[in-house]
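See structure below.
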Amino acid sequence: MSNNLIIHENSISNRATIFNPISSNFDEVTYKNLPVTGSILSVNPTDGVLTYTLKTPPTNGFSKVNLDGTWVYTPKVNFTGTDSFSVTITNESNGSTISKINVLVNDFPESFDSLNCCCRNY
1 MSNNLIIHEN
11 SISNRATIFN
21 PISSNFDEVT
31 YKNLPVTGSI
41 LSVNPTDGVL
51 TYTLKTPPTN
61 GFSKVNLDGT
71 WVYTPKVNFT
81 GTDSFSVTIT
91 NESNGSTISK
101 INVLVNDFPE
111 SFDSLNCCCR
121 NY
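For what it's worth, my numbering labels the leading residue of the sequence shown as 1, then goes sequentially.
Written out as structure tokens, the structure reads:
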């Protein structure tokens, strides 16, 4: 006969679980010298208020991010190409995530008939 003692250790943490907001990256298109606007769509698993702040500014333009997740990007004069900026999304429990906005800045086409501009800007 043997006497075996088995001890199971359960660790209990009193730290609060932090749930990060959920968002994704976005691709936008505009034309040379024309600003583009948008809104970052995010989900907060804690149902509280989200705040949005500019994390990384664009290299070839200017961006403004509002606390409600709306933003405007304006390319530098005569710039065409790809640019991007990133936004930190934070909830009331200090959970955060980063969303990247990629902007393709096109030159104007030869003809206005082939201009497929994002009409939602105007």
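The beta-carbon is built from N, C-alpha and C at its ideal position, and this holds for glycine as well. Note that this is a predicted model, so its numbers are computed, not measured.
Boundaries of the beta strand (DSSP E) harbouring residue 98: 96-106, taken from the DSSP string. With a threshold of 16 other beta carbon atoms within 10 Å, residue 48 falls short and is exposed.
Boundaries of the beta strand (DSSP E) harbouring residue 70: 70-75, taken from the DSSP string. Excluding its 5 nearest sequence neighbours in each direction, residue 72 has C-beta neighbours in its own chain below 6 Å: 35, 37 and 64, listed in chain order.
Within the DSSP bridge table, the entry for residue 48 names no partner. Assignment of residue 26 by DSSP, reduced to helix, strand and coil, places it in the strand class. With respect to the C-alpha of residue 69, the residue from 90, 109, 84 and 75 having the closest C-alpha is 90. Excluding five sequence positions before and after residue 97, the CB atoms of its chain that fall closer than 6 Å to its own CB belong to 20, 21, 23 and 89, given in chain order.
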